[in-house]
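Q:
2 protein chains.
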Amino acid sequence: MATGRTHRPASRSRGIPEATVARLPLYLRALTGLSERSVPTVSSEELAAAAGVNSAKLRKDFSYLGSYGTRGVGYDVEYLVYQISRELGLTQDWPVVIVGIGNLGAALANYGGFASRGFRVAALIDADPAMAGKPVAGIPVQHSDELEKIVSDNGVSIGVIATPAGAAQPVCDRLVAAGVTSILNFAPTVLTVPDGVDVRKVDLSIELQILAFHEQRKAGEEAAAAADGAHAAAAHRGDSAEQGPDGDVPAVMPA
Amino acid sequence: MATGRTHRPASRSRGIPEATVARLPLYLRALTGLSERSVPTVSSEELAAAAGVNSAKLRKDFSYLGSYGTRGVGYDVEYLVYQISRELGLTQDWPVVIVGIGNLGAALANYGGFASRGFRVAALIDADPAMAGKPVAGIPVQHSDELEKIVSDNGVSIGVIATPAGAAQPVCDRLVAAGVTSILNFAPTVLTVPDGVDVRKVDLSIELQILAFHEQRKAGEEAAAAADGAHAAAAHRGDSAEQGPDGDVPAVMPA
DNA sequence: ATGTCTTTGTGAACGCGTGCACAAAGATGG
DNA sequence: CCATCTTTGTGCACGCGTTCACAAAGACAT
Numbered sequence: 001m002a003t004g005r006t007h008r009p010a011s012r013s014r015g016i017p018e019a020t021v022a023r024l025p026l027y028l029r030a031l032t033g034l035s036e037r038s039v040p041t042v043s044s045e046e047l048a049a050a051a052g053v054n055s056a057k058l059r060k061d062f063s064y065l066g067s068y069g070t071r072g073v074g075y076d077v078e079y080l081v082y083q084i085s086r087e088l089g090l091t092q093d094w095p096v097v098i099v100g101i102g103n104l105g106a107a108l109a110n111y112g113g114f115a116s117r118g119f120r121v122a123a124l125i126d127a128d129p130a131m132a133g134k135p136v137a138g139i140p141v142q143h144s145d146e147l148e149k150i151v152s153d154n155g156v157s158i159g160v161i162a163t164p165a166g167a168a169q170p171v172c173d174r175l176v177a178a179g180v181t182s183i184l185n186f187a188p189t190v191l192t193v194p195d196g197v198d199v200r201k202v203d204l205s206i207e208l209q210i211l212a213f214h215e216q217r218k219a220g221e222e223a224a225a226a227a228d229g230a231h232a233a234a235a236h237r238g239d240s241a242e243q244g245p246d247g248d249v250p251a252v253m254p255a
Numbered sequence: 001m002a003t004g005r006t007h008r009p010a011s012r013s014r015g016i017p018e019a020t021v022a023r024l025p026l027y028l029r030a031l032t033g034l035s036e037r038s039v040p041t042v043s044s045e046e047l048a049a050a051a052g053v054n055s056a057k058l059r060k061d062f063s064y065l066g067s068y069g070t071r072g073v074g075y076d077v078e079y080l081v082y083q084i085s086r087e088l089g090l091t092q093d094w095p096v097v098i099v100g101i102g103n104l105g106a107a108l109a110n111y112g113g114f115a116s117r118g119f120r121v122a123a124l125i126d127a128d129p130a131m132a133g134k135p136v137a138g139i140p141v142q143h144s145d146e147l148e149k150i151v152s153d154n155g156v157s158i159g160v161i162a163t164p165a166g167a168a169q170p171v172c173d174r175l176v177a178a179g180v181t182s183i184l185n186f187a188p189t190v191l192t193v194p195d196g197v198d199v200r201k202v203d204l205s206i207e208l209q210i211l212a213f214h215e216q217r218k219a220g221e222e223a224a225a226a227a228d229g230a231h232a233a234a235a236h237r238g239d240s241a242e243q244g245p246d247g248d249v250p251a252v253m254p255a
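Quick mapping for you: the protein sequence lines, in order, are chains X and V.
Once you know that position 32 of the first sequence is 32 in this note's numbering, the rest is easy, because the numbers rise by one and skip nothing.
Once you know that position 226 of the second sequence is 226 in this note's numbering, the rest is easy, because the numbers rise by one and skip nothing.
1) Is Ser182 of chain V helix, strand or coil by DSSP?
2) Should Thr181 of chain V be flagged as near chain X, meaning a C-beta pair shorter than 8 Å?
3) Determine the chain V residues that contact Pro188 of chain X at a beta-carbon separation under 7 Å, and present them in chain order.
4) Helix, strand or coil: which one does DSSP assign to Gly4 of chain V?
5) Using beta-carbon positions only, say whether Ser157 of chain X and Glu215 of chain V come within less than 8 Å of one another.
6) Name the chain X residues whose beta carbon is nearer than 9 Å to that of Gln142 of chain V?
7) For a test of your reading of the model: does the CB of Glu46 of chain X fall under 7 Å from any non-hydrogen atom of the ligand NAD? Yes or no.
8) If we require 3 or more residues per run, which beta strand (DSSP E) segments fall completely within the region 129-160 of chain V?
9) Can you find a CB in chain X that lies within less than 8 Å of the CB of Leu204 of chain V?
10) Could you check the C-alpha separation between Asp128 of chain X and Gly138 of chain X for me, to the nearest Å?
11) When you compare the CB positions of Gly155 of chain X and Pro194 of chain X, do they come within less than 8 Å of one another, or not?
12) Please check if any C-beta of chain X sits within less than 8 Å of the C-beta of Ile161 of chain V.
13) Can you look up Tyr75 of chain V in the DSSP assignment and give me helix, strand or coil?
14) For Glu87 of chain V, count neighbouring C-beta atoms within 10 Å of its own C-beta (all shown protein chains included) and say buried if the count is 16 or more, exposed if not.
15) If I follow the unbroken beta strand (DSSP E) through Ile125 of chain X, where does it start and stop?
16) Taking only the alpha-carbon atoms, compute the straight-line gap between Ala50 of chain V and Asp61 of chain V and give it to the nearest angstrom.
17) Can you tell which of X:Ala219, X:Leu47, X:Asp145 and X:Ala22 has its C-alpha closest to the C-alpha of Arg99 of chain X?
18) At 7 Å on the CB atoms, spell out the chain X contacts of Arg200 of chain V, in chain order.
19) Quick one: what does DSSP say Arg200 of chain X is sitting in, helix, strand or coil?
20) With a cut-off of 8 Å, do at least 3 Cβ pairs link the region 76-90 of chain V to the region 29-39 of chain V?
21) If you measure between the beta carbons of Leu124 of chain X and Val141 of chain X, is that distance less than 8 Å?
22) Give the secondary structure of Thr41 of chain V by DSSP, where H, G and I count as helix, E and B as strand, and everything else as coil.
23) Just the chain V side, please: which residues come within less than 7 Å of Val21 of chain X by C-beta, in chain order?
24) Would you call the CB atoms of Leu204 of chain V and Tyr111 of chain X closer than 8 Å?
25) Rank X:Ala223, X:Glu222 and X:Arg217 by C-alpha distance to the C-alpha of Gly15 of chain V and give the top, closest one.
26) What's the C-alpha gap between Ala212 of chain V and Leu104 of chain V?
27) Just the chain X side, please: which residues come within less than 9 Å of Phe62 of chain V by C-beta, in chain order?
28) Smallest Cα separation from Thr181 of chain X: which of X:Arg200, X:Gly166, X:Val190 and X:Thr163?
29) Throw me the rounded Cβ distance for the Leu175 of chain X and Gly159 of chain X pair, which I believe falls under 8 Å.
30) Hey, how far is the Cα of Pro135 of chain V from the Cα of Leu65 of chain V?
31) Going by CA-CA distance only, name the one from X:Val97, X:Ala19, X:Thr70 and X:Gly52 that's closest to Pro40 of chain X.
32) Should Ala19 of chain V be labelled buried (16 or more other beta-carbon atoms within 10 Å of its own) or exposed?
33) Given this structure, state the Cα-to-Cα distance separating Ala234 of chain V from Tyr82 of chain X, to the nearest angstrom.
34) DSSP three-state call for Gly113 of chain V: helix, strand or coil?
35) What would DSSP say about Ala193 of chain X, mapped onto helix, strand or coil?
36) Quick one: which chain V residues come within Cβ less than 8 Å of Lys268 of chain X?
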């Protein structure tokens with residue numbers, strides 16, 4: 001319900017699928033590269049390869065935006081850059097605040113990808129009084145007390161939370177109360193926000209855990225050829241024998 | 001047939017859907033919190049709320065792992081923590097290397113979420129000779145020349161790339177050649193890897209761009225609601241005044 | 001034991017995203 | 001102007017993921 005809502009139920013806004021929106025930045029980056037190399041036009045096949053997706057998918061994605069290609073030729077790079085930028089809302093300047101200037105917050109403040117794409121770091125905010133005034137990435141850190149004033153004075157609608165987990169929800173609440181309606185959360189916590197506020201989560205350890213799963217599976221497949229010893233964990237499972245308990249064990253449970 | 005390893009059908013391993021795997025870390029985190037508070041059992045409804053998902057989805061996810069719940073009671077927290085950890089492969093210790101010790105790399109090295117979840121930072125690697133030997137998060141940075149030796153000596157199978165975009169692909173190639181089979185990529189580039197290597201991408205600016213899209217859409221809806229009858233004249237927002245909800249585009253087509 | 005109550009586990013329906021395959025559209029050359 | 005060639009745009013089918021709704025399973029009280 002109110003937690004981490006990422007999808008749009010009443011998405012009749014323009015009918016652009018969420019999956020497509022998530023790929024638009026990918027296309028935009030590839031197109032920017034082509035633009036810098038002064039490539040005039042690009043085919044769906046070439047652009048798809050540069051963006052790392054399927055060409056049919058790319059064409060379908062673009063079809064949601066309109067017919068911006070020329071059959072037999074391809075897409076005009078500059079025109080497409082403009083169209084996607086406009087669609088993503090990057091033709092305007094979005095002021096963002098970063099809350100929590102630890103290692104990660106500092107990394108974000110220094111990250112060049114923001115400024116170059118329509119985002120402007122309006123302020124850095126930290127709860128530690130010792131940080132106040134200290135410049136990070138050329139921007140002086142301000143104390144949390146100023147949060148509400150900063151948000152409203154700068155018309156900030158996008159906030160980035162890079163605080164420890166415990167501080168995330170209170171910071172989130174204050175941001176929302178001050179007028180922020182989109183939040184990028186790096187803290188390992190589930191944020192609860194009112195309706196109408198978008199939250200996206202980036203969780204470093206979750207990504208690693210997903211990799212570990214696949215890694216384990218790969219190791220298990222390899223071990224399929226080799227003999228495996230008995231494992232210790234005594235799983236007391238009620239019934240059935242169908243699915244093997246884990247990836248490296250045959251369906252038959254040795255007694 | 002045994003070597004047919006194309007994309008990620010993921011079906012044959014155990015039939016755990018990819019979407020479910022991606023949520024397991026979420027459940028695990030919620031369960032860990034309950035465990036620390038000595039909560040013995042939890043219902044699907046409670047756990048789902050803590051993890052920020054639908055309870056039906058959670059039950060279905062768990063059903064892929066087996067029948068670990070007790071009807072009328074719920075799930076045993078400790079038991080479930082163990083089962084999910086084992087499923088994700090977190091009962092073993094995964095050595096990881098972080099390549100590119102800039103702001104982001106340092107943040108990752110300091111991130112506590114790694115060590116606490118079965119991951120161990122085996123080494124920090126950077127191409128800058130001036131960084132060599134300098135300790136970050138208590139670990140001395142080593143020079144890129146040592147990459148292959150570090151990976152093979154430590155049996156590293158998971159690598160984290162936090163380099164600038166230009167260096168990402170070469171670093172990736174070297175990691176893979178040295179034996180790494182899972183890569184977490186923070187550089188804004190599409191990595192090309194051979195079959196059998198998993199890549200997950202975390203892209204900060206893409207997340208922001210997706211937020212900007214929704215933010216723009218929200219602003220457009222508000223404007224449409226305010227100026228009800230007429231098709232919204234996008235206020236003085238700097239961009240060209242044509243992003244009405246209907247989706248028609250200016251006829252100006254640069255050739 | 002029996003009945004009631006709670007909560008799981010899952011069959012089934014539905015919607016979304018993906019990829020195929022091809023017709024339409026336009027460029028290009030004769 | 002016509003034929004051919006290239007590339008887009010999309011109808012369609014399929015599979016995955018989500019959600020509903022409910023029967024089965026067990027706890028608990030009487």
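The C-beta atom is built at its ideal place from N, Cα and C for all residues, glycine as well.
All values derive from a computational prediction rather than experimental measurement.
A: By the coordinates alone:
1) Here residue 182 of chain V is taken as the residue at index 182 of the second sequence, counted from 1. Three-state DSSP puts Ser182 of chain V in a strand.
2) On the second sequence, position 181 is the one that residue 181 of chain V refers to. So, interface residue.
3) The residue labelled residue 188 of chain X in the question sits at position 188 within the first sequence. By Cβ distance, chain V contributes Arg29 and Gly113.
4) In the second sequence, residue 4 of chain V corresponds to position 4, counting from 1. A caution first: Gly4 of chain V carries a pLDDT of 32, below 50, which makes its placement in the model too unreliable to give a value.
5) What you label residue 157 of chain X is simply residue 157 of the first sequence in a count that begins at 1. What you label residue 215 of chain V is simply residue 215 of the second sequence in a count that begins at 1. Yes, they are a contact pair.
6) As a working mapping, residue 142 of chain V is identified with position 142 in the second sequence. Per Cβ cutoff of 9 Å: no residues; Gln142 of chain V is ~19 Å from chain X at best.
7) In terms of ligand content, the structure shown is empty, and the ligand NAD therefore cannot be addressed.
8) 139-143
9) Here residue 204 of chain V refers to the residue found at position 204 when the second sequence is read from its first residue. Yes, Leu204 of chain V lies at the interface with chain X (some Cβ there is under 8 Å from its Cβ).
10) Within the first sequence, numbered from 1, the residue matching residue 128 of chain X stands at position 128. Within the first sequence, numbered from 1, the residue matching residue 138 of chain X stands at position 138. For Asp128 of chain X and Gly138 of chain X, the distance between alpha carbons rounds to 18 Å.
11) For the purposes of this step, residue 155 of chain X is identified with residue 155 of the first sequence, where counting begins at 1. For the purposes of this step, residue 194 of chain X is identified with residue 194 of the first sequence, where counting begins at 1. Not in contact: Gly155 of chain X and Pro194 of chain X (Cβ atoms no closer than 8 Å).
12) In the second sequence, counting from the first residue as 1, residue 161 of chain V sits at position 161. So, not an interface residue.
13) Numbered from its first residue, the second sequence carries residue 75 of chain V at position 75. In this structure, Tyr75 of chain V counts as strand in the three-state DSSP scheme.
14) As a working note, residue 87 of chain V is residue 87 in the second sequence. Glu87 of chain V comes out buried.
15) Taking the first sequence and counting its residues from 1, one reaches residue 125 of chain X at position 125. Here the beta strand (DSSP E) through Ile125 of chain X covers Phe119 to Asp126.
16) Working through the second sequence from its first residue, we reach residue 50 of chain V at position 50. Working through the second sequence from its first residue, we reach residue 61 of chain V at position 61. One C-alpha to the other measures close to 15 Å.
17) The residue labelled residue 99 of chain X in the question sits at position 99 within the first sequence. In the sequence as displayed, the identity of residue 99 of chain X is Val instead of Arg. Val99 of chain X has its Cα closest to that of X:Asp145, out of X:Ala219, X:Leu47, X:Asp145 and X:Ala22.
18) Taking the second sequence and counting its residues from 1, one reaches residue 200 of chain V at position 200. Per Cβ cutoff of 7 Å: Glu207, Ile210 and Leu211.
19) The residue given as residue 200 of chain X occupies position 200 in the first sequence. The three-state secondary structure of Arg200 of chain X, taken from DSSP, is strand.
20) yes
21) Residue mapping note: residue 124 of chain X aligns to position 124 of the first sequence, counting from 1. Residue mapping note: residue 141 of chain X aligns to position 141 of the first sequence, counting from 1. For Leu124 of chain X and Val141 of chain X, yes; Cβs fall inside 8 Å.
22) Your numbering for residue 41 of chain V matches position 41 in the second sequence. Thr41 of chain V: strand per DSSP, three-state reduction.
23) Numbered from its first residue, the first sequence carries residue 21 of chain X at position 21. The answer, in chain order, is Ile210 and Phe213.
24) The residue given as residue 204 of chain V occupies position 204 in the second sequence. The residue given as residue 111 of chain X occupies position 111 in the first sequence. In this structure, Tyr111 of chain X lies closer than 8 Å to Leu204 of chain V by Cβ.
25) Here residue 15 of chain V corresponds to residue number 15 of the second sequence, with the count starting at 1. Of X:Ala223, X:Glu222 and X:Arg217, the residue nearest in Cα terms is X:Arg217.
26) What you label residue 212 of chain V is simply residue 212 of the second sequence in a count that begins at 1. What you label residue 104 of chain V is simply residue 104 of the second sequence in a count that begins at 1. Using only the alpha carbons, I get a separation of about 23 Å.
27) Taking the first residue of the second sequence as position 1, residue 62 of chain V is located at position 62. Those within 9 Å of Phe62 of chain V in chain X number zero; the least Cβ separation is about 13 Å.
28) Position 181 of the first sequence, counted from the first residue, corresponds to residue 181 of chain X. The option with the nearest alpha carbon to Thr181 of chain X is X:Arg200.
29) Taking the first residue of the first sequence as 1, we reach residue 175 of chain X at position 175. Taking the first residue of the first sequence as 1, we reach residue 159 of chain X at position 159. Confirmed, Cβ separation roughly 4 Å.
30) As a working mapping, residue 135 of chain V is identified with position 135 in the second sequence. As a working mapping, residue 65 of chain V is identified with position 65 in the second sequence. Straight-line Cα distance between these residues: approximately 42 Å.
31) The residue given as residue 40 of chain X occupies position 40 in the first sequence. When each option's Cα is compared against that of Pro40 of chain X, the closest is X:Thr70.
32) Within the second sequence, the letter at position 19 stands for residue 19 of chain V. Classification of Ala19 of chain V: exposed, given that the 10 Å Cβ count is below 16.
33) By 1-based counting over the second sequence, the position of residue 234 of chain V is 234. By 1-based counting over the first sequence, the position of residue 82 of chain X is 82. Its pLDDT being 38, under 50, Ala234 of chain V is placed unreliably in this model, and the value from its coordinates should be taken loosely. Taking the straight line from one Cα to the other gives about 17 Å.
34) Counting from 1 along the second sequence, the entry for residue 113 of chain V is found at position 113. Note: Gly113 of chain V maps to helix in three-state DSSP.
35) For the purposes of this step, residue 193 of chain X is identified with residue 193 of the first sequence, where counting begins at 1. Looking at the sequence shown, residue 193 of chain X is not Ala but Val. Coil at Val193 of chain X, not helix or strand.
36) Lying before the first or after the last residue shown, residue 268 of chain X is absent from chain X, which here runs from 1 to 255.
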